[in-house]
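Order-wise, the sequence lines are chains A and B.
Under the UniProt record's numbering, the letters of the first sequence match residues 1 to 788, in that order.
Under the UniProt record's numbering, the letters of the second sequence match residues 1 to 788, in that order.
Read through the structure below, which is laid out as structure tokens, and then see the notes.
There are 2 protein chains.
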Amino acid sequence: MIIDPAFEVSPWSLREHELNLDLLPQSESVFALSNGHIGWRGNLDEGEPNGLPGSYLNGLHELHPLPYAEAGYGYPESGQTVINVTNGKLIRLLVDDEPFDLRYGTIRSHTRELDLRAGVLRRECEWVSPAGRAVRVRSTRLVSFQQRAVAAIAYEVEPLDDGEVRLVVQSELAANEEVPHAAGDPRVSAALESPLQPEEHAASGTRLRLVHSTTRSRLRVAAAADHRVQGPAGTTQVSADSGADVSRLTVTSVVKTGECLRLEKFVAYGWSATRSLPALRDQADAALVGAKDTGWQGLLDQQRAYLDDFWERADVEVDGDTEIQQAVRFALFHVLQVGARAEERALPAKGLTGSGYDGHTFWDAETFVLHMLCLTSPRAAAEVLRWRYNTLPAAKERARQLGFEGAAFPWRTINGEEASGYWPAGTAAFHINADIADAVVRYVAATGDEAFERDTGLELLVETARLWRSLGHHDHAGAFHIDGVTGPDEYSAISDDNVYTNLMAQGNLDAAADAAKRHPRHAAALGVTDEETAAWRDAAAAMTLPYNDDLGVHEQSAGYTRHQVWDFAGTDSANYPLMLHYPYFDLYRKQVVKQADLVLGMYLRGNAFTPEQKARNFAYYEPLTVRDSSLSAFGQAVIAAEVGHLQLAYDYIGESALIDLEDLENNARDGLHIAALAGTWTALVAGLGGMRMVDGGQSIGFAPKLPDALSRLAFRLLFRGRRLRVEVGRTSATYTMTGGGPLEVRHYETPFTLHPDKPEERDLPEFTHRPPPRQPPGRAPLRRRQQK
Amino acid sequence: MIIDPAFEVSPWSLREHELNLDLLPQSESVFALSNGHIGWRGNLDEGEPNGLPGSYLNGLHELHPLPYAEAGYGYPESGQTVINVTNGKLIRLLVDDEPFDLRYGTIRSHTRELDLRAGVLRRECEWVSPAGRAVRVRSTRLVSFQQRAVAAIAYEVEPLDDGEVRLVVQSELAANEEVPHAAGDPRVSAALESPLQPEEHAASGTRLRLVHSTTRSRLRVAAAADHRVQGPAGTTQVSADSGADVSRLTVTSVVKTGECLRLEKFVAYGWSATRSLPALRDQADAALVGAKDTGWQGLLDQQRAYLDDFWERADVEVDGDTEIQQAVRFALFHVLQVGARAEERALPAKGLTGSGYDGHTFWDAETFVLHMLCLTSPRAAAEVLRWRYNTLPAAKERARQLGFEGAAFPWRTINGEEASGYWPAGTAAFHINADIADAVVRYVAATGDEAFERDTGLELLVETARLWRSLGHHDHAGAFHIDGVTGPDEYSAISDDNVYTNLMAQGNLDAAADAAKRHPRHAAALGVTDEETAAWRDAAAAMTLPYNDDLGVHEQSAGYTRHQVWDFAGTDSANYPLMLHYPYFDLYRKQVVKQADLVLGMYLRGNAFTPEQKARNFAYYEPLTVRDSSLSAFGQAVIAAEVGHLQLAYDYIGESALIDLEDLENNARDGLHIAALAGTWTALVAGLGGMRMVDGGQSIGFAPKLPDALSRLAFRLLFRGRRLRVEVGRTSATYTMTGGGPLEVRHYETPFTLHPDKPEERDLPEFTHRPPPRQPPGRAPLRRRQQK
């Protein structure tokens, strides 16, 4: 955990002033740059020291066998893992023949800054070599949002003391870097040794190139670099050489005080499963030429323009809590980095910031990340769903293998094939299929993108509805049940009638029937008949939602509330997360909730509950919920705000927002918790802002409220082509809209019409506080715990 | 499946007249010899061809890492697997320099016979070499019941045609034989390559010796052999030589028609985790000297005497079905072979007849094998339970690791450590602990062995009762529940209140309290207090047994009868066993029973059900039970006979009895189904004989009945030091007792006193037939299916 206030609190940037080598792994994640296609961890330019060297290309993976002590039918045999690709950010420096290595010598000053408006990582370091030569190194790094295949670095060295210094700068492309092995924690990746097989290497002039391929997944990757070098005339010389795994530009120079050696490095990547070596080489070279042509300043300008537009439509302002203000912008920036240019690729749980979870995508993407993207970067949201659409053949094949109709999407995957090696928390978590369907519905509601619904969404809805219909069954009384599945709470598994799953499946079935009705010809082409849609509607209408009349609460799944309550009082705080200290056997059979499950359902399917049920359910489940997952706090925040616990909502917003900045889960080293970062947006916008889509997505409503600590909250979003801005003060909220025609909006259930550029102010009703529920001992919201 | 009538039907032996090379793997299992300590598969003397070369020493195993695609807390990391030890049965033959190999040349005649009274495997073969030389080979092989460390072979060769033949006989000890790899079926073993590291080898005179050790489990094994050679004087010469993995005696001789070359080979084994190489070497040599001193004929005489005593106390006679007659004696013989001299070792599921299930023991031993052994070879039964007792430290440690009190015995093991790599059907199957406790109770009931109860049984009962008390919990209404466990039916898992488990746990808790009451000082030494025994009794009294009032049947576990019924009609017969063709996910959540679960509970805890409940339960579960396990048919036979389906009971007896002789499950190659063989005895004695222990084990009762096909059934058993014989005719049963004082026995609930050597005859009541239930389509009893 990052206990020190490592990062300066600043509204538009993240800045560190000291280099703590112990926190390198975490800061590499926090300072990672990505555009959704390329990801560069915030490794120091010189490569070492490092926590985890990381350069990623979205979707580029290697396969490995999945082993089982006891095999079983339908177990996936091949795992997928993200690989650390050719490192294009490496720039080594020798100062009078001594390597610039911050583990040695003296650091006079050090800053790194992630600039959230410029979209660059800046670094400045003054260092004195063991032999006493002082230099200042400045670098600025970007991964271009505008030029998808391109990243670039500007690197400058100047001597600080009088006299001259002999510098050697080696700018490299390096493949098959040594990656540390981690063991014991299943959330870490399966690191593979030297996953890249060399195919071609070249170095000439200022240009470098390496082409490699993977062995089992048979993917080819090309990396190319070009440079602009500026140094003292006469003493500055450039040469290039290349080997199988390293292609290198070497710049030598003798630099006097007041002079500077400057290197601009342009890097381009390409990867493909099908394109030939020459084609891929040309692709990378072409991108490189484009980047060099744009030039360093041009890339900077493009980057800022891209981000200006983003902040214009997506910014969240928080007055009264500078930490949260910084954290939410940090969160928005990183979520944008994941989704911006993913383009028919998955959104990995860690984005492209680390190799945690093997680079897999889970339900997180659709359920959490897309909540934000649908309303802030809808094109990025559509791309994610198109990626799912493209993997339909694998999902249909998986359903067939399991004996079901329709499509069964993988619990975790890179390439669309199931890569989960533990079926009770993988295959059995069928809710992912309804989560994808829900994201389709939400995207269409937010955008009104009918072409997408017809061409992409419909088939996703139909095939997942088919899955649910064949997974569930009617009992003799006609009730529809979905048995033996695992809901979001991974401390329960293989349960009957999980309320979250059943509600999401219900929504899925209805949405499929609705979409089929809207697009009859396209539905017919998918083989949908009236009998089939009727069966979907019947199943949805008869869906079982277990309820304990004595307690007046829903059961997370059938029989849940009768189970023994976990012995929270007897559980040492060192024994969290519980899954690392107790067997699944015991967790599964007791009342202990890893992460919001029923509570999440009360957000996503809010209409299925009365306000009183929501309040009672929240009061019941809150003392059972330990939040051993980062996917929990923001959902709890939303419902806490809705049912009357505003301070608690605020505390959970803090936990979610600071999860990586303060490394609250002690694993930011493996990459950022993208879903929790996106969830911070949800907690603010849907929690404090009370934003809900209403009328089946035809309209949008708000129920804003502010916790005591905040004086103002303002957020922007896109809805049906309009840009909305909601500004919440202590007594009123002001709604502003630009673009499009008039829009009906709700303020606390009351509809009103919003006209372009005509702000509407509405008073906030008195907030009804309910007595706050307890959390399990020691499991109060993390930020609040720390402040104590 | 062995479709041909491979084995001649004969009441006291198993004989084959043809060598079917395709059936070698199965016949090697069927013809395996063992005394519970040494096991030799029925491999041909000359080693090849073979299906699976197998020589085993009970408990000798190697460790191997257990891999997981996704690790979890408490997952066993080290697996255990039985290894093929030094082969002492190998005798190669050259006939005029041509190897005697039945794949070549011409077989004029071939017989092998397992003699169930003599306890030997005899072979006679007339063979013509490719070059035209004809010889007769005769061998007789035994694994001594009396001399635990000893096996022996008499081997004779004689020329058949006129003239003389040059013979070379190589009698070997051979380690690290090549073992075929099998894949895909989890029931097969994890074959390890060359598991034995050479430590010493020697050959001198007629004596051979090899000492090896295992790498990870650090066990040492010594094998020694000595020989008596008789051949034509002058031409017969003997030499010996030795290498790391082969020690070899070579006999050369020129034999004329009417002459014979005869070799008697005595083999001794020893293994230990602690004894030094010299100590182990001496141990094997000493056993060898003892055997040679007894001599071949002496060993034969001892073997027959041992078996005469066994059959005198355990024989079952079946008139009217010669197949069943043969099969039940075959079964009794093999069960004896497993248990006879195991002596504080486990009883592996396959005995020492093959490497299936990695040589592990499961609940089979206590639940099924000990049913027979307690009443036929009680000393062997006690040894098994003493082995469990010796593993209490590991079981307590496992309970502690899992977070429970008492002892949690492993689901599968050789050395007492858990080796199950799939917890939903391993760790979660906690019923094994109650099964062990039940075996303790049954053994004490059958023998009245109070010293055993006090010194061994009590602690087993106490530690398992502690486990149950901490596994279960009371609900707010006071009912006691055991949640999230897996019962015997492995097509359900992680269920609440499995009736079988709860009933067995109830018995366990009560039995522990009872035993603690009988042995207060010893219980106190184990820390048992009055409060603790009261808590056990309370939990037992409040035990939940789910019951569906609408259907009038018990639920296998809570909610079970509400689940969807498996689509049996839509399941192709090629898709059995279901676990190889459907995911556990789908099996677990539907009504489909792999093996008797509730029905088994109705036998083991018969008093917990009314006769009507038994009949209704059987009628409900029978159409759901597919018997994809060999552990099912005999339990169904017992209850079928009790509730009024005598023909069905008889059909199930056939399935159980012929499971290996006809290879009904297509995996006899991996070893025999020892529990099913023991279950054949149970099906006959407890099913047709209606044998039950009554009055808490103080007495024994019978309710004999004969299916139409049988004219007579007679069985013997030991109870409280008396030898009982029950002979059942079509209209009456006759009870005879020898040894001990008068004994109260029940005939159909009516008690009467049986005096030594005074037979009592009782009429059989009219049997009330109920309409027979259906099995799932295509899952009628196997033997019946075949006869159709």
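All residues carry an ideal CB built from backbone N, CA and C; glycine is no exception.
Inset, instruction - Buried or exposed for A:P742, please, with buried defined as at least 16 other CB atoms from any protein chain shown within 10 angstroms of its CB. - result: Exposed.
Legend entry - Coil, strand or helix - A:P765 by DSSP: In the three-state reduction of the DSSP assignment, A:P765 falls in the coil class, being assigned neither a helical nor a strand state.
Legend entry - Cα-Cα separation, A:D4 to A:E16: At A:D4, the pLDDT of 47 sits below 50, so the modelled position is not reliable and the matter cannot be decided from this model.
Legend entry - Length of the line joining the Cα atoms of B:A512 and B:L646: The C-alpha of B:A512 lies about 36 Å from the C-alpha of B:L646.
Inset, instruction - Under 9 Å between beta-carbons, which chain B residues line up against A:L402? List them in chain order, please. - result: Simply Y582, P583, F585, D586.
Inset, instruction - Look at the alpha carbon of B:E8 and the alpha carbon of B:L14, and state the distance between them as a whole number of angstroms. - result: In this structure, the straight-line span from the alpha carbon of B:E8 to that of B:L14 is close to 7 Å.
Legend entry - Same chain, Cβ closer than 7 Å to A:D455, neighbours up to 5 away in sequence not counted: Contacts found: none.
Inset, instruction - Please confirm whether A:T215 and A:A314 have their CB atoms less than 9 Å apart. - result: For A:T215 and A:A314, no; Cβs fall outside 9 Å.
Inset, instruction - Say whether chain D places a C-beta atom closer than 9 Å to the C-beta of A:Q564. - result: Within the model displayed, chain D is absent; protein chains A and B are what it includes.
Legend entry - At least three beta-carbon pairs within less than 8 Å, the stretch 92-106 of chain B to the stretch 164-178 of chain B: Using a Cβ-Cβ distance cut-off of 8 Å, the stretch 92-106 of chain B and the stretch 164-178 of chain B are in contact, since at least three pairs of beta carbons, one from each stretch, lie closer than that value.
Legend entry - Residue-chain proximity (B:K350, chain A), Cβ-Cβ < 9 Å: Taking Cβ atoms only, chain A never reaches closer than 9 Å to B:K350, which makes this a no.
Inset, instruction - Could you tell me the distance, in whole angstroms, from the CA atom of A:N666 to the CA atom of A:I38? - result: Rounded to whole angstroms, the gap between the alpha carbons of A:N666 and A:I38 is 25 Å.
Inset, instruction - Could you round the C-beta distance between B:R341 and B:G36 to whole angstroms and report it? I think they count as a contact, below 8 Å. - result: The Cβ separation is near 4 Å, so the contact holds.
Legend entry - Pair within 9 Å by beta-carbon distance, B:Q506 and B:G552: Against a cut-off of 9 Å, the Cβ pair of B:G552 and B:Q506 comes out as no contact.
Inset, instruction - Please name the residue in A:L249, A:P232, A:D285, A:T731 whose C-alpha comes closest to that of A:S204. - result: Comparing Cα positions, the closest option is A:L249.
Inset, instruction - Would you kindly work out how many angstroms separate the C-alpha atoms of residue 789 of chain B and B:I414, rounded to a whole number? - result: Outside the shown range of chain B (1 to 788) lies residue 789 of chain B, about which nothing can therefore be said.
Legend entry - For A:G270, the three-state DSSP class (helix, strand or coil): Collapsing the DSSP output to three states places A:G270 in a strand.
Inset, instruction - Check the Cβ of A:W423 against every Cβ in chain B and list those closer than 8 Å, keeping chain order. - result: The contacting residues are P583, Y584, F585.
Inset, instruction - Please name the residue or residues paired with B:T367 in a DSSP beta bridge. - result: B:T367 is not bridged to any residue.
Legend entry - CA nearest to the CA of B:E193, picked from B:H201, B:E178, B:G290: When C-alpha distances from B:E193 are compared across B:H201, B:E178, B:G290, the shortest belongs to B:E178.
Legend entry - Partner residues on chain A for residue 822 of chain B, Cβ-Cβ distance less than 9 Å: Outside the displayed span of chain B (1 to 788) sits residue 822 of chain B, for which this structure offers no information.
Legend entry - C-beta neighbour in chain B for A:D496, strict 9 Å: At least one C-beta of chain B is nearer than 9 Å to the C-beta of A:D496.
Inset, instruction - Could you check the C-alpha separation between A:D45 and A:L471 for me, to the nearest Å? - result: Annotation: A:D45 to A:L471 spans about 52 Å, alpha carbon to alpha carbon.
Inset, instruction - Kindly say whether A:L66, judged by its beta-carbon, lies nearer than 9 Å to any beta-carbon of chain B. - result: Yes, its Cβ sits closer than 9 Å to a Cβ of chain B.
Inset, instruction - Taking A:V626 and A:V599 to be in contact with their CB atoms under 8 Å, please state how far apart those CB atoms are, rounded to whole angstroms. - result: Contact doesn't hold; Cβ gap of about 13 Å is too wide.
Legend entry - Outcome for B:E312 when other beta-carbon atoms lying within 10 angstroms are tallied against a minimum of 16: Exposed, by the Cβ-count rule.
Legend entry - Whole runs of the beta strand (DSSP E) within the stretch 313-382 of chain A, excluding any shorter than 3 residues: The qualifying runs are 316-319.
Inset, instruction - Note down, one range per segment and in chain order, each alpha helix (DSSP H) of at least 4 residues found wholly within the stretch 563-630 of chain A. - result: Here the runs fully enclosed are 584-588, 598-604, 611-621.
Legend entry - Neighbourhood of A:T768 by C-beta, 8 Å cutoff - its chain only, sequence neighbours within 5 removed: Excluding residues within five positions, the ones whose Cβ falls inside 8 Å are G644.
Inset, instruction - Reducing DSSP to helix, strand and coil, say where B:Q197 ends up. - result: The three-state secondary structure of B:Q197, taken from DSSP, is strand.
Inset, instruction - Return the residue from the list A:G119, A:E28, A:R386, A:R136 that minimises the CA-CA distance to A:G47. - result: Comparing C-alpha distances from A:G47 to each of A:G119, A:E28, A:R386, A:R136 shows the shortest one belongs to A:E28.
Legend entry - Neighbourhood of A:R692 by C-beta, 6 Å cutoff - its chain only, sequence neighbours within 5 removed: For A:R692, where only same-chain residues beyond five positions count, the Cβ hits under 6 Å are G701.
Inset, instruction - Determine whether the Cβ of A:G671 lies closer than 9 Å to any Cβ atom of chain B. - result: No - not a single Cβ of chain B is within 9 Å of the one on A:G671.
Legend entry - Runs of beta strand (DSSP E) wholly within the stretch 70-112 of chain A (minimum 3 residues, chain order): Counting whole runs of 3 or more residues, the stretch 70-112 of chain A contains the beta strand (DSSP E) stretches 78-82, 91-95.
Legend entry - Alpha-carbon spacing of A:P759 relative to A:L160, whole angstroms: In a straight line, the C-alpha of A:P759 is about 55 Å away from that of A:L160.
Legend entry - For B:I3, the three-state DSSP class (helix, strand or coil): In this prediction, B:I3 has a pLDDT of 41, which is less than 50 and means its spatial position is unreliable; nothing more can be read from the coordinates.
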